[in-house]
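Everything on this sheet refers to the single structure shown next.
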Amino acid sequence: MPEAHLNLEPKTEKKRNFARNPFMGKTITTTRAQESTNAIERLYITMRHLFNRGFYKPTGVSGESLKNALLQLRPEIYGSLGEEKAELNGLIYVLERLPEGIEQCRFINLTSDEGYGRSHFEPIIPPKRRRNCYRIDEEQMNIEITRGRSDIYDILTHLTFLFIESEKICKKVLIEDTDKTIRDWVKLEGFVKKKEPSQAEREVAVIHTANILGRPFVEIMAVHERFSTKDRPERFLEIIYWLGKLAIEEVVTSEKRTITFSALLRERLGHHIHGERWADSIKETLQKNRLLKRPIHIISANMHSVMNSLFARKALKKDLAAINNGLTDNESLKIYESLSSSLNQELREKVIKVAKKNGMIAINDFSGTNIDVQLFDTAKMGNDVCCYELSKDIPDAEKPVIFVMDYAFGEQAYETIDELLKPVKDGKKKELFLNVASISIMGKAGILDGGKGDLMIPSAHIFEGTADNYPFKNELCAQDFEGHGLKVFEGTMVTVLGTSLQNKDILKFFQQSTWNVIGLEMEGVHYQKAVQSASKIRKSIREDVKVRYAYYASDNPLVTGSTLASGGLGTTGVKPTYLITDKILTQIFNS
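Read in this note's numbering, the sequence shown has 76 at position 44, and its numbers run on one by one without any break.
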């Protein structure tokens with residue numbers, strides 16, 4: 033056999049291309065905005081885990097994880113959270129949104145609507161949040177959750193802030209490696225236990241408290257006066273005492289504070305139980321008053337601006353002309369400012385009386401959503417009473433019904449609108465579809481350019497932490513609001529998971545990115561998601577339903593002293609509120 037041919041020549045290897053990667057060896061550093069986004073994500077993942085688990089302790093591993101994430105984030109609304117000194121504006125903001133007396137409770141239980149309203153317990157409702165809370169005993173506070181996950185996130189964030197401030201006090205007053213406290217704490221404790229202290233004793237106690245909190249006497253005195261009530265004149269000093277007391281006991285006696293989530297709450301959350309009850313009661317009222325087949329214009333707003341815009345100028349023309357020395361019909365802003373004052377209750381009652389005589393039906397909420405509703409039947413409005421006019425060619429059977437719902441909170445916006453837009457069951461098989469002509473959303477939002485009272489007209493909503501985006505054709509535009517002395521911005525709005533979890537780094541990223549973000553709020557994505565699913569997928573309402581979104585600025589979180597913690601809008605909010613309401617109503621009556 034012939035020998036096999038052997039190739040003895042050396043193999044030549046193919047030259048591999050080792051072109052240098054310009055990114056190799058370089059350290060990739062995360063920006064402050066990215067770190068903040070990660071902190072927000074950790075907060076929400078931890079909160080959801082704790083909810084599923086059923087409980088946590090603020091000083092435990094999970095509680096520390098929440099505190100560390102919040103400290104890394106350092107939200108603008110919480111000011112000096114990460115510093116040794118106490119954060120007073122943040123404390124005021126948080127306590128206005130939590131039930132009175134919560135600082136005294138070692139056990140805080142988040143529950144579903146489990147029937148406490150039919151017991152001897154009196155509900156405690158925070159001034160700035162519509163939620164029922166019940167003081168079960170000296171150590172326990174129960175908080176009803178009926179508005180979805182956003183409510184839970186909101187409460188846990190505020191509680192985490194309180195626990196951080198509480199620990200600051202403990203570290204300041206508890207002498208290391210002992211169970212003894214400094215003199216300032218002993219003096220504060222002695223004052224709190226006195227029944228009727230004098231002004232001199234009060235000022236001495238404030239001096240000691242100022243030393244503990246690391247704040248000037250004059251600041252503590254101002255906050256003390258703000259918290260003081262007729263029943264609890266020393267409320268602020270008592271709050272500081274109880275925050276410190278429970279933190280000290282955790283260190284000295286190991287009696288831990290505990291947050292629990294009831295089994296019924298964990299079972300019910302996310303199933304639209306309260307939203308379904310709310311929507312069913314409204315549909316029953318529409319059916320009872322033979323309004324189901326009429327064109328319905330839904331407006332999410334407050335419970336006064338639509339009613340006042342429809343009736344106040346004509347109903348109060350004589351009264352306010354006398355009060356304001358010859359008020360002309362064009363000076364409607366003065367009318368609305370007068371109605372916004374709690375001193376003018378008689379004027380308010382007069383407008384309500386006129387509204388009820390001319391087609392207004394008020395539906396108070398008993399579903400647990402805490403969202404009241406007003407229905408305005410335009411067929412029952414007299415021309416000499418209503419401040420807007422419909423075309424005379426429209427028959428009564430086709431005249432619109434204006435449906436006004438109070439503000440939803442976060443994810444609750446999806447739950448309520450999703451249930452409302454479902455067809456009405458009439459018998460076993462037949463379904464009646466609502467004739468929804470338009471949906472208008474008016475609300476407060478944080479603005480990134482401009483100041484309090486300025487306007488934002490969105491062209492799309494994007495969801496924080498995701499790339500989910502919801503563009504839409506807004507029937508309102510910036511030109512509609514020009515010439516009224518307010519700045520108007522048009523662009524994208526970010527729907528955030530919580531207004532109290534934003535810092536300047538994240539907001540500057542939103543502002544400077546190609547997303548063209550003009551402001552932030554908590555409900556836009558949830559409203560639009562419900563509208564799109566009903567009109568485009570489920571076909572339960574017309575596909576060409578008109579949508580209107582307009583927001584006025586409650587704060588500018590990028591400007592120091594203009595965050596939500598700096599206080600409310602006062603009369604600054606009257607002009608934008610009624611300007612937006614007027615533009616919405618004008619389009620409805622002209623449609």
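We put the beta carbon where it would ideally sit given N, CA and C, even for glycine.
Through-space distance from Pro490 to Lys454, alpha-carbon basis: Taking the first residue of the sequence shown as position 1, residue 454 is located at position 422. Taking the first residue of the sequence shown as position 1, residue 490 is located at position 458. Each residue's Cα considered, the two are about 26 Å apart.
With a threshold of 16 other CB atoms inside 10 Å of the CB of Val563, please say whether the residue is buried or exposed. Along the sequence shown, one-based indexing puts residue 563 at 531. Under this definition Val563 is a buried residue.
Contact the stretch 87–104 vs the stretch 171–185: 3+ CB pairs below 8 Å: Counting Cβ pairs under 8 Å, fewer than three are found: no touch.
Buried/exposed call for Asn141, threshold 16 Cβ in 10 Å: Counting from one through the sequence shown, the residue named residue 141 turns up at place 109. Buried, by the Cβ-count rule.
Thr628 classed as buried or exposed, judged by whether at least 16 other C-beta atoms fall within 10 angstroms: Nothing about residue 628 can be reported from this structure: the residues present for the chain run from 33 to 623 only.
Every unbroken beta strand (DSSP E) within the stretch 245–293, with a cutoff of 3 residues, ordered by chain: The stretch 245–293 contains these whole beta strand (DSSP E) runs: 290–293.
Who are the Cβ neighbours of His256 in its own chain at under 7 Å, not counting the five residues just before and after it? Here residue 256 refers to the residue found at position 224 when the sequence shown is read from its first residue. So the list reads Val238, Phe268, Leu269, once near-sequence residues are dropped.
Minimum C-alpha distance to Lys212 - residue among His190, Lys277, Ile175: The residue you call residue 212 lines up with position 180 of the sequence shown. The shortest C-alpha separation from Lys212 is found at Lys277.
Taking all protein chains shown into account, do 16 or more other C-beta atoms lie within 10 angstroms of the C-beta of Phe199, making it buried, or fewer, making it exposed? As a first step, residue 199 is located in the sequence shown; it is residue number 167 there, counting from the start. Residue identity check: residue 199 is Glu in the sequence provided, not Phe. Counting of Cβ neighbours within 10 angstroms places Glu199 among the buried residues, the total reaching 16 or more.
For Ala469, is the classification buried or exposed, using 16 other Cβ atoms within 10 angstroms of its Cβ as the cut-off for buried? Along the sequence shown, read from residue 1 onward, the residue named residue 469 stands at position 437. Answer is buried; the Cβ neighbour count reaches 16.
Given a cut-off of 8 Å on the beta-carbon distance, is the pair Asn506 and Thr524 in contact? If you number the sequence shown from 1, residue 506 lands on position 474. If you number the sequence shown from 1, residue 524 lands on position 492. The answer is no: Cβ separation not under 8 Å.
Return the first residue and the last residue of the beta strand (DSSP E) that Leu407 is part of. To locate residue 407, count along the sequence shown from 1; it is residue 375. Here the beta strand (DSSP E) through Leu407 covers 405–409.
Taking 7 Å as the cut-off, is the CB of Glu146 close to at least one heavy atom of the ligand COA? The model on display carries no ligand, and the ligand COA is accordingly not part of it.
Reducing DSSP to helix, strand and coil, say where Tyr420 ends up. Here residue 420 refers to the residue found at position 388 when the sequence shown is read from its first residue. In the three-state reduction of the DSSP assignment, Tyr420 falls in the coil class, being assigned neither a helical nor a strand state.
Quick one: Cα of Gln172 to Cα of Tyr610, how far? Counting from 1 along the sequence shown, the entry for residue 172 is found at position 140. Counting from 1 along the sequence shown, the entry for residue 610 is found at position 578. It is roughly 42 Å from the alpha-carbon of Gln172 to the alpha-carbon of Tyr610.
Between which residues of its own chain and Gln543 is the CB-CB distance below 7 Å, once the five residues before and five after are set aside? In the sequence shown, counting from the first residue as 1, residue 543 sits at position 511. Once the five neighbours on either side are set aside, the close Cβ partners of Gln543 are Leu480, Val549.
With distance defined between alpha-carbon atoms, name the residue in Lys607, Lys571, Tyr502 nearest to Ser372. Looking up residue 372 in the sequence shown gives position 340. Considering only alpha carbons, the answer is Lys607.
Simplified DSSP state of Cys137, which is helix, strand or coil: The sequence position of residue 137 within the sequence shown is 105, counting from 1. In the structure shown, Cys137 sits in coil (DSSP, three-state: anything other than H, G, I, E or B).
Which of helix, strand or coil DSSP assigns to Ile177: By 1-based counting over the sequence shown, the position of residue 177 is 145. In the three-state reduction of the DSSP assignment, Ile177 falls in the coil class, being assigned neither a helical nor a strand state.
Tell me the rounded alpha-carbon separation between Phe521 and Ser230. Walking along the sequence shown from the start, residue 521 turns up at place 489. Walking along the sequence shown from the start, residue 230 turns up at place 198. Using only the alpha carbons, I get a separation of about 53 Å.
Going by beta-carbon coordinates alone, are Glu108 and Pro432 separated by less than 8 Å? Start at 1 with the first residue of the sequence shown, and residue 108 comes out as number 76. Start at 1 with the first residue of the sequence shown, and residue 432 comes out as number 400. Contact flag unset, no.
Can you tell me whether Arg74 is helix, strand or coil according to DSSP? Within the sequence shown, the letter at position 42 stands for residue 74. Arg74 falls in the helix class under three-state DSSP.
Have a look at Ile620 and Tyr420 and give me their C-alpha separation to the nearest angstrom. The sequence position of residue 620 within the sequence shown is 588, counting from 1. The sequence position of residue 420 within the sequence shown is 388, counting from 1. Here the alpha carbon of Ile620 sits roughly 10 Å from the alpha carbon of Tyr420.
Looking at the structure shown, is Lys457 part of a helix, part of a strand, or coil, going by DSSP? In the sequence shown, the residue the question calls residue 457 occupies position 425. DSSP, read as helix, strand or coil, puts Lys457 in strand.
Run through DSSP, which three-state label would Leu359 get? The count along the sequence shown starts at 1 and reaches residue 359 at position 327. Unreliable placement is indicated for Leu359, whose pLDDT of 44 sits below 50; the coordinate value is still reported in the next sentence. Looking at Leu359 - three-state DSSP - the assignment turns out to be coil, as it is neither helix nor strand.
Alpha carbon to alpha carbon, what distance is there between Leu324 and Ser294? The sequence position of residue 294 within the sequence shown is 262, counting from 1. The sequence position of residue 324 within the sequence shown is 292, counting from 1. Each residue's CA atom was taken as its position, placing Ser294 and Leu324 some 38 Å apart.
In whole angstroms, what is the alpha-carbon distance linking Val283 and Val224? In the sequence shown, residue 283 corresponds to position 251, counting from 1. In the sequence shown, residue 224 corresponds to position 192, counting from 1. Whole-angstrom Cα-Cα distance: 22 Å.
Tell me, to the nearest whole angstrom, how far the beta carbon of Gly246 is from that of Glu116; I am working on the premise that it is less than 8 Å. Against the sequence shown, residue 246 aligns to sequence position 214. Against the sequence shown, residue 116 aligns to sequence position 84. 6 Å between Cβ atoms; contact.
Taking the straight line between their C-alpha atoms, what separation do you get for Arg162 and Glu308? Taking the sequence shown and counting its residues from 1, the one referred to as residue 162 is at position 130. Taking the sequence shown and counting its residues from 1, the one referred to as residue 308 is at position 276. Approximately 19 Å, taken between the alpha carbons.
Does the count of Cβ pairs from the stretch 332–340 and the stretch 122–135 closer than 8 Å reach three? No, they do not touch.
Note the first and the last residue of the continuous beta strand (DSSP E) segment covering Lys476. The residue given as residue 476 occupies position 444 in the sequence shown. Taken as a continuous stretch (DSSP letters only), the beta strand (DSSP E) holding Lys476 covers 468–479.
Residue range of the beta strand (DSSP E) that Ser112 falls in? Translated into positions along the sequence shown, residue 112 becomes position 80. It is not in any beta strand (DSSP E) - Ser112 carries neither H nor E in the DSSP assignment.
Nearest neighbour of Thr192, chosen from Gly114, Tyr446, Ala242 [CA to CA]: Within the sequence shown, numbered from 1, the residue matching residue 192 stands at position 160. The residue with the shortest Cα to Cα distance from Thr192 is Gly114.
Go through its chain and collect everything with a Cβ distance to His558's Cβ below 6 Å, but skip five positions before and after it. Position 526 of the sequence shown, counted from the start, is the residue given in the question as residue 558. Closer than 6 Å at Cβ, skipping near neighbours: Glu443, Ala445, Tyr446.
DSSP three-state assignment for Gln534, whether helix, strand or coil: Counting from 1 along the sequence shown, the entry for residue 534 is found at position 502. Coil, per DSSP.
For Thr69 and chain B, any beta-carbon pair shorter than 8 Å? Any reference to chain B falls outside this structure, which holds one protein chain only.
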